[in-house]
Amino acid sequence: GAGVSQSPRYKVAKRGQDVALRCDPISGHVSLFWYQQALGQGPEFLTYFQNEAQLDKSGLPSDRFFAERPEGSVSTLKIQRTQQEDSAVYLCASSSQSGQQNIQYFGAGTRLSVL
Amino acid sequence: SQKIEQNSEALNIQEGKTATLTCNYTNYSPAYLQWYRQDPGRGPVFLLLIRENEKEKRKERLKVTFDTTLKQSLFHITASQPADSATYLCALDAPKTGRRALTFGSGTRLQVQP
């Protein structure tokens, strides 16, 4: 597709359930980022992939969060044993590596509500 | 610690006026500063990028300034329109640190009244 696609758009989970959020980046984009956005706040970095390699996962809040990009295109963010504080919008962004500019193209996000 | 500040209160202006949004940062030396627009229920959309050695950048009705001494960027929308109403986010990019992720401010909500 022309843009970054995320699914599902909305996810309601009971506390303790596992969830998987999918990101389909712009075709050919080498870099892929996951961010978490709380209401009224800016996006907060979670993790970064260059092709299939996860080069930075310093923003993952706990070991319940896991991300993968096995073939260097589609990525999945998995949250195990969800807790209420995980409720947020999860944004995926992709970027080409032309020059040093790091312009990022975002998907619409997945809104996760943990009850 | 690193900190990015944007006006947390909404900015309300009349159609046709110039909107000016502020982004201040501390303990940071970004090579680039970016501005994004975010509408409700949507992801951020890139608007403008300015480099550390540039003072000003323009694109149509948008103008960005970058003062690395003051550690501040100003974002201007001239001849504002109701369609400009959205949240505007500034983002810092410091690739020399090895970090590729953007660091975002909390955003300023702009409301343009007809």
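Going down the list, the protein sequences come from chains A and B. 1 is the number of the first residue of the first sequence in my numbering; add one for each residue after it. 1001 is the number of the first residue of the second sequence in my numbering; add one for each residue after it. Note that the Cβ used here is the ideal one computed from N, Cα and C, for glycine as well.
Distances from the CA of Gln1081 of chain B to each of B:Glu1009, B:Leu1048, B:Val1112, B:Leu1047 were compared; the closest alpha carbon is that of B:Val1112.
In the DSSP assignment, Val89 of chain A falls within the beta strand (DSSP E) that extends over 88 to 95. With respect to Ser94 of chain A, Asn102 of chain A sits apart: the two C-beta atoms are not nearer than 8 angstroms.
Contacts with chain B (Cβ-Cβ distance below 9 angstroms) from the segment 28 to 55 of chain A involve Ser31, Phe33, Tyr35, Gln37, Gly40, Gln41, Gly42, Pro43, Glu44, Phe45, Leu46, Thr47, Tyr48, Gln50, Leu55, listed in chain order. The residue among B:Gly1107, B:Thr1078, B:Gly1043 with its C-alpha nearest the C-alpha of Gly1016 of chain B is B:Thr1078. Distance between Leu1011 of chain B and Ala1086 of chain B, taken at the CA atoms: about 10 angstroms.
Taking the C-beta atoms as reference points, Gln1006 of chain B is found nearer than 8 angstroms to Thr1022 of chain B. Rounded to whole angstroms, the separation of the alpha carbons of Ala53 of chain A and Gly40 of chain A is 31 angstroms. Under the Cβ criterion of 8 angstroms, Ala67 of chain A is not counted among the residues facing chain B.
Contact annotation, Arg111 of chain A with Asp18 of chain A: C-beta distance approximately 17 angstroms; criterion of less than 8 angstroms not satisfied.
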